[in-house]
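Let me begin by presenting the structure, written as structure tokens, before commenting on it.
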Amino acid sequence: MDFNVKKLASDAGVFFTRAVQYTEEKLGQAEKTELDAHLENLIARADCTKNWTDKIFRQTEVLLQPNPSARIEEFFYEKLDRKIPSRITNAELLGQYMQDAAKDFGPGTPYGMLCLMHDLAYGTIECLPGSTLITVGDFQKRLGGAEREFLQTSAINFLTPLRNFLEGDWKTISKERRLLENRRLDLDVCKARLKKAKLAEAKAAAAPDFQETRPRNYVLSASASALWSEEVDKAEHELRVAQTEFDRQAEVTRLLLEGISSTHVNHLRCLHEFVEAQAAYYTQCHKHMQDLQKELSSANGDTFPNAFAVNASTSGVSTAPSPLSSATLPGASSPSRPPNPSNALEASTLKIEEVKPPATGTRKAKVLYDYDAADTSELSLLADELITVYTVPGMDPDWLIGERGNQKGKVPVTYLELLS
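Residues in the sequence shown are numbered from 9 upward in steps of one, following the numbering used here.
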């Protein structure tokens, strides 16, 4: 390899003088040329833009792809300039599992049946085996498709412009700012060199280094003064060149930094597109879930209760209320009130004031939601308080006996978190 030794030595010398100047400035031993206030404001604004754009970009990546391994894989594909392989979404995978399960369960199970065919002439309903999971799985796939479209749109309209700024425009700005800093250091080095040359010239002219009694000393003093005068002229020329280069680089850097305003405008437009994509995605999801709920409630309104009743009678397991009823209430802050026990035997035999806590079996419970007692047999609750609960024979499984100090009454299980 052909090395240019002179250029290498010159670059090393320039780097060394810049390092010395920078160190002396940090130690307060050298003067520093300050940038004008407008340029300083532009630099501060650019740094703020870069820092927050980077944070927003990273967090948006996490939002769109929570899996860090998948993000690393996509990063390597981008660096290798290769197409990122299509990846199935979690909702699509869940939908596929549901449909495969429906095929495997086969006919004869309420979990896998959905009444789809209605004979209006005879008022009968035909149940198709395995259709419930197939239908729900199909809607899960639709949700996954909507998610995939949202991810692609957001990546193109929002992530890509932010990435282009960070990896393109900002790198150019950073390069020009480093060059401006080098030009400033060179300028300050020239200023310091000129200052030293002028001091040495003045000293040589005012106080010769040799005795004045010998004529030869006057010649040497005049020669030294002339040398320092040449050094001053050279330093002044270098200072003018350094000042010109510094001013030119400051102007280039200023123009680039003023372009941050147009970057903000572009990012604002991208942000609007990102919000629109989010709104469209959530609207699609809401519509799909509404359609699914309507289909399940219209097709299974008469089938699920009978199926559960048969299941309970044959297996001996008590049935629980269907979660579909509470799921259809958007924005509910607390669970629905459990049904009050209507069993005549329980109403006639269970008297709250006569109930005694068992010797063993009492538990502590944390109240999840506020609850207002419907009658004197119930106990009102406040969220986050701790009470003692226990059950008694013949009591409805949706209720427990709760005690708070001297107060006692029935409390709904769905409002409690049992602790011990």
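All C-beta atoms, glycine included, are put in the ideal place defined by N, C-alpha and C.
Within its chain, find whatever has a CB closer than 7 Å to the CB of residue i; leave out the 5 residues flanking it on each side and keep chain order.
i, result
"Pro169", "Asn274, His275, Cys278"
"Asp108", "none"
"Leu376", "Ala391, Tyr423, Leu424, Glu425"
"Glu303", "Thr143"
"Asn165", "Cys278, Glu281, Phe282, Ala285"
"Ala54", "Ile181, Leu265, Ile268"
"Val260", "Glu184"
For residue i, which three-state DSSP category applies?
i, result
"Leu235", "helix"
"Leu390", "coil"
"Leu426", "strand"
"Lys34", "helix"
"Leu408", "strand"
"Pro74", "coil"
"Asp44", "coil"
"Ser94", "coil"
"Asn172", "helix"
"Thr25", "helix"
"Lys364", "coil"
"Asn12", "coil"
"Gly153", "helix"
"Thr384", "coil"
"Gly145", "helix"
"Gly449", "As shown, the chain starts at 9 and ends at 428. That puts residue 449 outside it, with no answer to give."
"Glu39", "coil"
"Val400", "coil"
Contact defined as beta carbons within less than 8 Å: I believe residue i pairs with residue j. What is the distance between those atoms, to the nearest angstrom?
i, j, result
"Ala250", "Leu195", "4 Å"
"Gly417", "Glu386", "5 Å"
"Leu50", "Leu390", "Going by Cβ atoms, the distance from Leu50 to Leu390 rounds to 56 Å, so no, they are not a contact pair."
"Leu247", "Thr61", "Their Cβ separation, rounded to whole angstroms, is 39 Å, which puts Leu247 and Thr61 out of contact at 8 Å."
"Val419", "Leu408", "6 Å"
"Gly410", "Val400", "Not really, about 12 Å apart at Cβ, beyond 8 Å."
"Lys179", "Glu39", "So it is not a contact: roughly 31 Å between Cβ atoms."
"Ala78", "Gln292", "So it is not a contact: roughly 23 Å between Cβ atoms."
"Arg191", "Glu253", "5 Å"
"Leu16", "Ala258", "Incorrect: roughly 29 Å between the Cβ atoms, too far for contact."
By DSSP's criteria, residue i is part of a beta bridge. Which residues make up the other side?
i, result
"Lys373", "With the sequence shown as reference, residue 373 is identified as Ala, and Lys is not the correct amino acid for it. Answer by DSSP bridge pairing, in chain order: Ile395, Leu426."
"Pro420", "Trp407"
"Tyr379", "Leu389"
"Gln415", "Arg412"
Who are the Cβ neighbours of residue i in its own chain at under 6 Å, not counting the five residues just before and after it?
i, result
"Arg26", "Leu193"
"Gly145", "Gly103, Met106, Gln107"
"Arg201", "Ala243"
"Phe158", "Ala285, Tyr289"
"Lys91", "none"
Skipping 5 residues on each side, what residues in its chain have a beta carbon closer than 8 Å to that of residue i?
i, result
"His272", "Thr57"
"Ser162", "Thr68, Leu72, Phe282, Ala285, Gln286"
"Ala208", "Trp236, Glu239"
"Leu167", "Phe65, Thr68, Glu69, Leu72"
"Asp380", "Ser388"
"Gly36", "none"
"Val421", "Pro346, Pro405, Asp406, Trp407, Leu408"
"Thr370", "Thr396, Val397, Tyr398"
For residue i, decide whether its Cβ has a neighbour in chain D, counting only Cβ atoms nearer than 8 Å.
i, result
"Pro169", "Included in the structure is just one protein chain, with no chain D present."
Exercise. Would you be able to state if there are at least three C-beta pairs under 8 Å between the stretch 179-188 and the stretch 13-31?
Key: no
Quiz item: Given 8 Å as the limit, is there contact between the stretch 95-107 and the stretch 146-156, that is, 3 or more CB pairs closer than that?
Solution: yes
Quiz item: Taking one C-beta from the stretch 236-246 and one from the stretch 55-72 each time, how about it: are there three or more such pairs within less than 8 Å?
Solution: The stretch 236-246 makes no contact with the stretch 55-72: fewer than 3 CB pairs, one atom from each, lie closer than 8 Å.
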